[in-house]
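Residue numbers (the numbering used here), protein chains in the order written: chain A, 68 to 527; chain B, 7 to 354; chain C, 60 to 358. Glycine included, each C-beta is placed from N, C-alpha and C at the ideal position. Step one of this worksheet: look at the structure below.
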């Protein structure tokens, strides 16, 4: 009896380890071993002793560039920690986020890395849970020794991670969390936000809808922070333009049945329904609206549609996005092709905004490190705060930049709707217009970045 | 006299556990882990011990206990942020107090039930608490969480310890855990503890003897919730934030699994074993695969089927088997009597 | 008052859907006195199996109509899930005779394992189930648009509920099942293989879960986590209606649907939590739910 139990359990444990080692892991994980390169440190020490105090910094930087410009053995790798969800509500988006990051890394490694150092990455599942986010961040910084942290979809998880990151001075890129508070009251000196937030998208869709549709609007608000902040933006903008908000219906998180709401909407009969509904609730809403044939009248304006959430489905209403794979802009087709070559087995055949944000963020980080000539976090932060892109670099219609006050990327916001004439199976968006970053800017006055003095120095 | 004799063996175990944890920060980095996980393990051990008071000792299956952990965390956070609280002790006291109040409220509705009805009602209450945490945004900031908590210094009269570093905070957590452990041990071995265990085995008989089982169940649940709240307060300081997620159904289910796999149904130490097992397995397997929950769930299922006494039960059997093999003559009958099918024997 | 009626109708329709979801769960609880928390994951599995079946029929679209393939999916997917259910029942046999908590915990673990397995096999992507045109689209009833599919689903639910009731109450098989639950020793003494009976009942119950999964898939969508949205209401409905009472759980399903539907209309932010409050209120005043009978699961 006892031996049977022990044997069975041991088999299970061994099978688990065997299977996980062999095939269960969808993506390879590299865990870096710390390679201490004594030479660099020695050089640095020598230099600071010999040179006057004022010029120390510049000389230091130059010297480091010289030493590490020679690529090759012994160059300590730059380790990037991916803090994205692999389970829970945002598992799909997390996977696409990571793919974008990995493609950017591969691009740089093909050129010899950054500052002569190869780039490696490590990933752990943040489980769409903030407590896990804290633990993962602590582990990655203290045990794995990551240089930078990248990745987020859920705002609570992003908050948890960015707190840990700020405590240690580790730069953290929030790739895909679109809560307005990310670059508002929860902003941090080490955190940079690469997605548009609910307010940006609300502005884009609202401005368009004001011109196109009638004046009686109804707000459908997911009853949590993101929903309320987004609807508040919509309300402020709409009412300033003379629209009257006839009602606001709250949708508790976890709602799967929208029949009562749809009946109410029909009875109230507004011209426009502005929906700030996200996550799985959004998916159920979409299915039921389309099924009931209510997608055209009233006019629906949704907030941002994440590509992994809507892929393979039919979108409805007018919504926002930061990028689309069929944009008629230079570089887009090659980008899509590179994705398809790198990930032929993915069940999402063409990339969307989540992948795009992950890629752009990682690429910006690595570029900033190159420009700063060092991985010293203060220097890299300063580079990122002045970062700009041309429209072509962004594969968007307008130039983009990072706002130094809130650390959020200001970028083009596209308006989309269901494509009545798709050219291929996944061509489900029809891009209606492109709003410039200035037009959709929604800057929060709540953001107070920590000073550089309060941000610990971290130089991986 | 009987108490002292028991202390003889349990004292050794308690000493071992505390020494193990006390030494942890010094060797944890060398075995491939990190300080923070030690902190998390201790806090969840505290929570698991509290939970087991309800499940293992009183037989109350609570699938909504995360609510109390969450209430404690929010109490600490709100005390610090909204009331500019500066006292660590006061914050923790609030965490414990509010956890107990929440538990007391829930237990009012449930103390006369048990089994399946009890379980479902705890689910319902857990969901209500989670709903409140998400909806009452002005107080809890919803899913964004209450952030930027400071780890208030631990002040003992004139001496004050800074807890900002995980290393020092770990020892504070250990102190709280040790205190809770000893208190719970005393409680379990007191007359109260015997009554609730009797209650778990056969509620009707206990009632016939003359005890008001409802009151005892209420007290047990409230204490359990209070200590869970205390653990929550510690958790809020560890993360330096408070989020509603620990209140949700998934996390309330995980604590049940942790405690049972460890052997909480038969052993005082079961929850500790189960918690360590969960965190170690998650950290190790989680680095290699994203489907580790599949294996954990399977392990849980097998434990339920073949070893409801959990890891501690296996340990005991191995120990008894070895004992028999090496230290006793063949003629002495075997020590490991298989457990009866129905309720498990008195917890040691 | 005029506005109330559509919401009442909608609430009843929703209630029927909830009753359908709870049907398999009710059967297993009532007959085997076993809480099957894997009900939700099996519900989800049913939807995924239906996807597989429809995928198989995809190349045959020319010959067969979508209605036919949908009907086949509605039959095959539950059969597939019944097989899984039987496996589960075999595994669970060791927990019989013990505290019912063990059965609950075992199925709780099974629920997690099945959900993870779904994630491993099919990924976390959202899938949609194609619905034949006959029952798709919208219909105008008294100035308001309703989804045709929901009406179909509600009627299907009624039919299935009546069928199951008939099976249990009016057939010899049903009598044996009830007897097996009531007095298994006697049934065994009469020469009926109680083990095989339990296996059949469990398989039947899980098949009902799968049917509900297929029916609800075009309304809720198909994701690995969708099972949780089914098992919580099912558990709630069964306890609310009273363990052991078939019509109790049907009534409870309707009550839950009306509560959700009406609060969704008038106090929408409370629509989900209202169900839990309903449970708490009812159970506080009626110990065993609406029509519950004394059972092993009691107190």
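{"Query": "Give the secondary structure of residue 483(A) by DSSP, where H, G and I count as helix, E and B as strand, and everything else as coil.", "Result": "strand"}
{"Query": "Using Cβ-Cβ distances below 9 Å, what residues of the segment 149-160 of chain A are close to chain B?", "Result": "153, 154, 155 and 158"}
{"Query": "Taking the alpha carbon of residue 49(B) as the reference point, which residue from 135(B), 37(B) and 277(B) has its own alpha carbon closest?", "Result": "277(B)"}
{"Query": "Closer than 7 Å by beta-carbon distance: list the chain C residues that pair up with residue 66(B), in chain order.", "Result": "Ordered by position in chain C, no residue passes the 7 Å Cβ test against residue 66(B), which lies about 10 Å from the chain."}
{"Query": "Could you tell me the alpha carbon to alpha carbon distance between residue 340(C) and residue 130(B), rounded to whole angstroms?", "Result": "11 Å"}
{"Query": "Taking 9 Å as the cut-off, decide whether the C-beta atoms of residue 445(A) and residue 386(A) are in contact.", "Result": "no"}
{"Query": "Which full runs of the beta strand (DSSP E) of 3+ residues lie inside the segment 126-208 of chain C, going along the chain?", "Result": "197-200 and 203-206"}
{"Query": "Among the residues of its own chain, which have a CB less than 8 Å from the CB of residue 156(A), if the five just before and after it don't count?", "Result": "195, 221, 346 and 347"}
{"Query": "With a floor of 3 residues, list each beta strand (DSSP E) that falls wholly inside the segment 233-261 of chain A, ordered by position along the chain.", "Result": "239-241 and 258-260"}
{"Query": "Here's the rule: buried if 16 or more other CB atoms are within 10 angstroms of the residue's CB, otherwise exposed. What is residue 62(C)?", "Result": "exposed"}
{"Query": "Using 8 Å as the threshold, is the segment 243-254 of chain A in touch with the segment 139-155 of chain B, meaning 3 or more CB pairs across them?", "Result": "yes"}
{"Query": "Sort 461(A), 415(A), 318(A) and 436(A) by Cα distance to residue 449(A) and report the nearest one.", "Result": "436(A)"}
{"Query": "Determine which residues share a DSSP beta bridge with residue 318(A) and list them.", "Result": "289(A)"}
{"Query": "Kindly list the residues whose CB is nearer than 6 Å to the CB of residue 170(B), restricted to its own chain and excluding five residues on each side of it in sequence; keep chain order.", "Result": "157"}
{"Query": "Whose CA, out of 418(A), 203(A), 305(A) and 340(A), lies closest to the CA of residue 493(A)?", "Result": "418(A)"}
{"Query": "By the 10 Å Cβ neighbour count, where 16 or more other Cβ atoms means buried, how is residue 73(C) classified, buried or exposed?", "Result": "buried"}
{"Query": "So for residue 344(C), helix, strand or coil by DSSP?", "Result": "helix"}
{"Query": "Spell out the partners DSSP gives residue 188(A) in its beta bridges.", "Result": "147(A)"}
{"Query": "Who are the near neighbours of residue 504(A) in its chain, counting only those whose CB is closer than 7 Å to its CB and skipping five residues on each side?", "Result": "465, 467, 477, 478 and 479"}
{"Query": "Could you spell out the range, first to last residue, of the beta strand (DSSP E) harbouring residue 468(A)?", "Result": "467-469"}
{"Query": "With 9 Å set as the bound, which would you pick, yes or no: does the beta-carbon of residue 314(B) sit closer than that to a beta-carbon of chain C?", "Result": "yes"}
{"Query": "When you compare the segment 143-163 of chain C with the segment 257-272 of chain C, are there three or more beta-carbon pairs, one atom per stretch, that lie closer than 8 Å?", "Result": "yes"}
{"Query": "Alpha carbons only, please: which of 371(A), 333(A), 470(A) and 422(A) is nearest the one belonging to residue 199(C)?", "Result": "333(A)"}
{"Query": "How about residue 269(B) and residue 317(B): do their beta carbons lie closer than 9 Å?", "Result": "yes"}
{"Query": "Using a Cβ cut-off of 9 Å, which residues of the segment 137-170 of chain C contact any Cβ in chain A, in chain order?", "Result": "none"}
{"Query": "Let me check understanding here. Comparing Cα to Cα, which of 329(C), 305(C), 302(C) and 129(C) lies closest to residue 322(A)?", "Result": "329(C)"}
{"Query": "Mind checking which residues open and close the beta strand (DSSP E) that includes residue 387(A)?", "Result": "385-388"}
{"Query": "So, do the segment 105-121 of chain C and the segment 320-337 of chain C have three or more beta carbon pairs nearer to each other than 8 Å?", "Result": "no"}
{"Query": "Hey, out of 146(A), 183(A), 245(A) and 210(A), whose CA is closest to residue 226(A)'s CA?", "Result": "245(A)"}
{"Query": "DSSP beta-bridge partners for residue 339(A)?", "Result": "284(A) and 366(A)"}
{"Query": "Taking its Cβ as the centre, do 16 or more other Cβ atoms sit within 10 Å of residue 330(A), making it buried, or is it exposed?", "Result": "buried"}
{"Query": "Output yes if chain B places a C-beta closer than 9 Å to the C-beta of residue 524(A); else output no.", "Result": "no"}
{"Query": "Candidates 378(A), 362(A), 402(A) and 393(A): which alpha carbon is nearest residue 384(A)'s?", "Result": "362(A)"}
{"Query": "Using a Cβ cut-off of 8 Å, which residues of the segment 138-160 of chain B contact any Cβ in chain A, in chain order?", "Result": "140, 141, 143, 147, 148, 149, 150, 151, 153 and 154"}
{"Query": "Within 9 Å of any Cβ in chain B, is that where the Cβ of residue 288(C) sits?", "Result": "no"}
{"Query": "Would you call residue 319(A) buried or exposed, if buried means 16 or more other Cβ atoms sit within 10 Å of its Cβ?", "Result": "buried"}
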